[in-house]
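J.:
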Amino acid sequence: MPTSAPNSSLSSHGRRFSGWQGVLCACTVFVLTLNAAGQAGSTLRVRLADGFDFPVGKPDAAGFYKARGYWPNGHLGEDWNGQGGGDSDLGDPIYAIGRGVVIFSQNIGVGWGNCVLVRHIFREADGKVAMVDSLYAHLHERKVKLHELVEKGQLVGTMGGNNGMYPVHLHLEVRKNLHIGMNRSQFARDSSNYYSPTAFINARRVLPSSTQKYDMPVNNFAPYGRALADVGSDGSRSATVDVPAFKGGSDSAKGDPKQEDDFWSRLKAKMRSGQATNGTDEKR
2 MPTSAPNSSL
12 SSHGRRFSGW
22 QGVLCACTVF
32 VLTLNAAGQA
42 GSTLRVRLAD
52 GFDFPVGKPD
62 AAGFYKARGY
72 WPNGHLGEDW
82 NGQGGGDSDL
92 GDPIYAIGRG
102 VVIFSQNIGV
112 GWGNCVLVRH
122 IFREADGKVA
132 MVDSLYAHLH
142 ERKVKLHELV
152 EKGQLVGTMG
162 GNNGMYPVHL
172 HLEVRKNLHI
182 GMNRSQFARD
192 SSNYYSPTAF
202 INARRVLPSS
212 TQKYDMPVNN
222 FAPYGRALAD
232 VGSDGSRSAT
242 VDVPAFKGGS
252 DSAKGDPKQE
262 DDFWSRLKAK
272 MRSGQATNGT
282 DEKR
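The numbering of the sequence shown is the working numbering, which starts it at 2 and goes up by one.
(1) Would the beta-carbon of Gly83 fall within 9 Å of that of Gly70?
(2) Hey, how far is the Cα of Gly78 from the Cα of Pro224?
(3) Give me the DSSP bridge partner(s) of Gln1.
(4) Could you check if Ser197 is buried or exposed, using at least 16 other CB atoms within 10 Å of its CB as the buried criterion?
(5) What residues in its chain sit with their C-beta under 7 Å from that of Val169, if we drop five residues either side in the sequence?
(6) For the alpha helix (DSSP H) containing Thr199, list its first residue and its last residue.
(7) Cα separation between Arg206 and Ile104?
(8) In whole angstroms, what separates the C-alpha of Met217 from that of Gln155?
(9) Quick test of your reading: Ala97 and Val151, contact by CB under 8 Å. State the CB separation rounded to the nearest angstrom.
(10) Would you report the Cα separation of Met166 and Trp113, rounded to the nearest angstrom?
(11) Restricting to Cα atoms, I'd like to know which of Glu142, Ser192, Ile122 is closest to Lys153.
(12) Expressed to the nearest angstrom, what Euclidean distance is found between the alpha-carbon atoms of Asn221 and Trp81?
(13) Quick check: what's the CA-CA separation for Ile181 versus Lys146?
(14) If contacts are defined as beta-carbon pairs under 8 Å, then Val133 and Ile95 qualify, I think. What distance do you get, rounded to the angstrom?
(15) Is the Cβ of Asn221 closer than 9 Å to any Cβ of chain C?
(16) Taking the beta strand (DSSP E) that Phe65 belongs to, which residues open and close that run?
(17) Rounding to the nearest angstrom, what Cα-Cα distance links Ala204 and Pro56 in this structure?
(18) Flag this pair as yes or no: are the beta carbons of Leu173 and Tyr195 separated by less than 9 Å?
(19) Can you tell me which of Asn184, Leu208, Val102, Tyr215 puts its alpha carbon nearest to the alpha carbon of Asp127?
(20) How is the beta strand (DSSP E) around Ser193 delimited, first residue to last?
(21) Roughly how many angstroms separate the alpha carbons of Ser106 and Val47, rounded to a whole number?
(22) Report the three-state DSSP secondary structure of Gly83 (helix, strand or coil).
(23) Could you give the first and the last residue of the continuous beta strand (DSSP E) run that contains Arg176?
(24) Alpha carbon to alpha carbon, what distance is there between Ser43 and Lys177?
(25) Look at the alpha carbon of Gly75 and the alpha carbon of Ser192, and state the distance between them as a whole number of angstroms.
(26) Tell me which residues share the same chain as Arg185 and place their Cβ nearer than 8 Å to its Cβ, disregarding the 5 neighbours each side in the sequence.
(27) Which whole-angstrom value describes the C-beta separation of Gly101 and Ala50, a residue pair presumed to lie in contact below a C-beta threshold of 8 Å?
(28) Output the boundary residues of the beta strand (DSSP E) element that contains Arg217.
(29) Could you tell me which residues DSSP pairs with Gly101 in its beta bridges?
(30) Taking the beta carbon of Ser291 as the centre, do at least 16 other beta carbons fall within 10 Å, making it buried, or is it exposed?
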């Protein structure tokens with residue numbers, strides 16, 4: 002008896018079954034890919050920073066000076082200017098102070114303008130692994146994208162003045178608290194959340210590193226103008242809170258983005274006359 006027909010039928014069924022297997026496998030892979038994409042961005046694997054340098058005139062701030070320093074409950078970072086005076090430093094390169102990941106790169110306007118946040122993971126002298134965020138604000142241009150890996154001394158932006166709102170300068174902050182993002186008003190304005198940038202850098206110029214990578218959270222702060230409570234444990238973000246009015250540095254300036262405080266008008270006048278104001282922290 003001929004047996005080719007049943008074999009042909011079995012072969013046909015086998016091909017159909019194999020085809021469905023392929024579809025199921027493809028669907029499984031697709032679902033897994035979607036799940037992976039849904040989780041992507043919560044953490045990244047990053048090598049430890051091998052040390053920190055100054056963000057201008059790398060590595061030692063050659064040709065630049067600190068026009069305004071850090072002090073708790075006042076100025077939460079440092080303002081750096083070129084020694085040429087005036088706005089001669091417009092467009093000067095700004096560098097990452099250490100290896101890390103870009104966790105924010107956006108122009109939010111108001112009193113900030115173009116800002117870049119880089120998160121760094123490093124080993125302290127006592128062996129403890131720690132993380133900080135470095136903020137580069139009022140930039141003329143941003144040169145890095147969200148979640149980009151950067152190395153120490155890599156260009157992250159150029160010096161600006163928030164489109165003419167301020168004299169051209171770099172505002173640099175180094176944060177201990179990884180939840181601040183661009184919402185400083187929701188956190189204590191003191192050394193529990195901030196480092197003196199110069200002191201931090203000088204104490205960590207060279208650090209031990211290796212090829213080992215560590216998990217780094219990258220979505221654990223709220224979007225600008227929103228509350229930390231609106232960020233899920235998985236890094237997801239809701240959009241239920243309105244952006245508040247910009248808060249300046251004094252009560253008289255609340256709600257007015259063009260009047261952060263009287264410091265800027267005084268600083269502009271002093272810079273025109275070749276003077277500068279210094280903070281209370283150490284000199285470089």
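Here a beta-carbon is modelled for each residue, glycine too, at the ideal position from N, C-alpha and C.
T.: Based on what the coordinates show:
(1) The Cβ-Cβ distance between Gly83 and Gly70 does not fall below 9 Å.
(2) Distance between the alpha carbons of Gly78 and Pro224: 21 Å.
(3) The first residue shown for the chain is 2 and the last is 285, placing residue 1 beyond what the model contains.
(4) Within 10 angstroms of the beta-carbon of Ser197 lie 16 or more other beta-carbons, which makes it buried.
(5) The beta carbon of Val169 sits closer than 7 Å to the beta carbons of Asp88, Asp90, Leu91, Met160, Gly161, Gly162 from its chain, once the five residues preceding and following it are set aside; these are given in chain order.
(6) 198 to 203 is the extent of the alpha helix (DSSP H) around Thr199.
(7) Computed Cα separation, rounded: 23 Å.
(8) Cα-Cα distance, rounded: 20 Å.
(9) Between Val151 and Ala97 the Cβ distance is about 5 Å, and since that is below 8 Å, they are a contact.
(10) C-alpha separation (whole angstroms): 10 Å.
(11) It is Ile122 whose Cα lies nearest to the Cα of Lys153.
(12) Distance between the alpha carbons of Asn221 and Trp81 is about 28 Å.
(13) Put simply, the backbone Cα of Ile181 is about 19 Å away from that of Lys146.
(14) Contact between Val133 and Ile95 is absent: CB atoms are separated by about 17 Å, not below the 8 Å threshold.
(15) No chain C is part of this structure, which consists of one protein chain only.
(16) Unbroken beta strand (DSSP E) run through Phe65: 65 to 69.
(17) Approximately 15 Å between the Cα atoms of the pair.
(18) No, the Cβ-Cβ distance between Leu173 and Tyr195 is not below 9 Å.
(19) Check the Cα spacing between Asp127 and each of Asn184, Leu208, Val102, Tyr215: the tightest is with Leu208.
(20) Note, Ser193: premise wrong, no beta strand (DSSP E); not H, not E.
(21) So the two alpha carbons sit approximately 18 Å from each other.
(22) Looking at Gly83 - three-state DSSP - the assignment turns out to be strand.
(23) It spans 171 to 176 - the beta strand (DSSP E) in which Arg176 sits, taken as one unbroken run.
(24) For the pair Lys177 and Ser43, the Cα-to-Cα distance works out to about 19 Å.
(25) The C-alpha of Ser192 is placed about 11 Å away from the C-alpha of Gly75.
(26) Cβ contact annotation for Arg185 (same chain, cutoff 8 Å, sequence separation greater than five): Leu77, in chain order.
(27) Between Gly101 and Ala50 the beta-carbon gap is near 6 Å, inside 8 Å, which marks them as a contact.
(28) The amino acid occupying residue 217 in the given sequence is Met; Arg does not appear at that position. In the DSSP annotation of this structure, the continuous segment of the beta strand (DSSP E) that includes Met217 starts and ends at 214 to 218.
(29) Under DSSP, Gly101 shares a beta bridge with Val151.
(30) In the structure as shown, the chain begins at 2 and stops at 285. Residue 291 is therefore absent and cannot be evaluated.
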